[in-house]
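Participant: In my numbering, the protein residues as written are 28 to 131.
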Amino acid sequence: QLIDDHFLFKEGDRFLQAANACRFWPSGRGIYHNENKTFLVWCNEEDHLRIISMQMGGDLKQVYKRLVNAVNDIEKRIPFSHHDRLGFLTFCPTNLGTTVRASV
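1. Can you check which of these residues, S54, L113, W52, I101, is closest to I1 by C-alpha distance?
2. What are the uninterrupted segments assigned as alpha helix (DSSP H) that are 4 or more residues long and contained completely in the segment 35–62, given in chain order?
3. Identify which residue in E73, D86, V95 has its Cα closest to the Cα of L116.
4. Does the beta-carbon of I58, which I'm using as the reference point, lie nearer than 7 Å to any heavy atom of the ligand SAH?
5. Out of curiosity, what's the CA-to-CA distance linking Q82 and D32?
6. What residue range does the alpha helix (DSSP H) around R93 cover?
7. Note down, in chain order, each residue of its chain lying with its Cβ closer than 8 Å to the Cβ of R93, except the 5 sequence neighbours on either side.
8. Pop quiz: R50 and N71 are said to be a contact at Cβ under 8 Å. What is the actual Cβ separation, rounded to whole angstroms?
9. Between Y59 and the rest of its own chain, which residues show a CB-CB distance below 6 Å, the 5 nearest in sequence each way excluded?
10. Please say whether F118 and A45 have beta carbons closer to each other than 8 Å?
11. Have a look at L35, V127, Q28 and flag the residue whose alpha-carbon is nearest the alpha-carbon of Y91.
Written out as structure tokens, the structure is:
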């Protein structure tokens with residue numbers, strides 16, 4: 028079902044392989060999701076955590092609220108590493124800064 032829903036990870040591309048980022052795959056990777064699959068956490072895909080909030084329709088407020096609540100809950104248990112100039116720690120340099128990506 029996860030394949031049909033397009034929730035599974037892609038295999039490591041040549042850049043991840045060159046960085047030795049996928050040397051332990053598939054061990055140590057995982058996907059957590061709620062029952063409705065509107066909230067997912069990918070562990071050790073490209074980044075340490077990829078937190079995804081999504082749903083059909085146009086209720087951006089609900090999607091964003093779900094994301095913010097989850098990030099706050101996670102950070103209470105596992106503090107995120109942050110640099111004053113570079114932002115949050117991430118494996119992928121394209122995600123430096125806030126590490127937030129949004130799409131509609």
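Even for Gly, the Cβ is constructed at its ideal location relative to N, Cα and C.
Facilitator: The relevant details are as follows:
1. Given that the chain is displayed from residue 28 to residue 131, the structure contains no residue 1 and the question cannot be resolved.
2. 41–45
3. E73
4. Questions concerning the ligand SAH fall outside what the structure shown contains, since it holds no ligand whatsoever.
5. 13 Å
6. 87–104
7. T65, F66, S80
8. That pair is no contact at about 11 Å.
9. V68
10. no
11. V127
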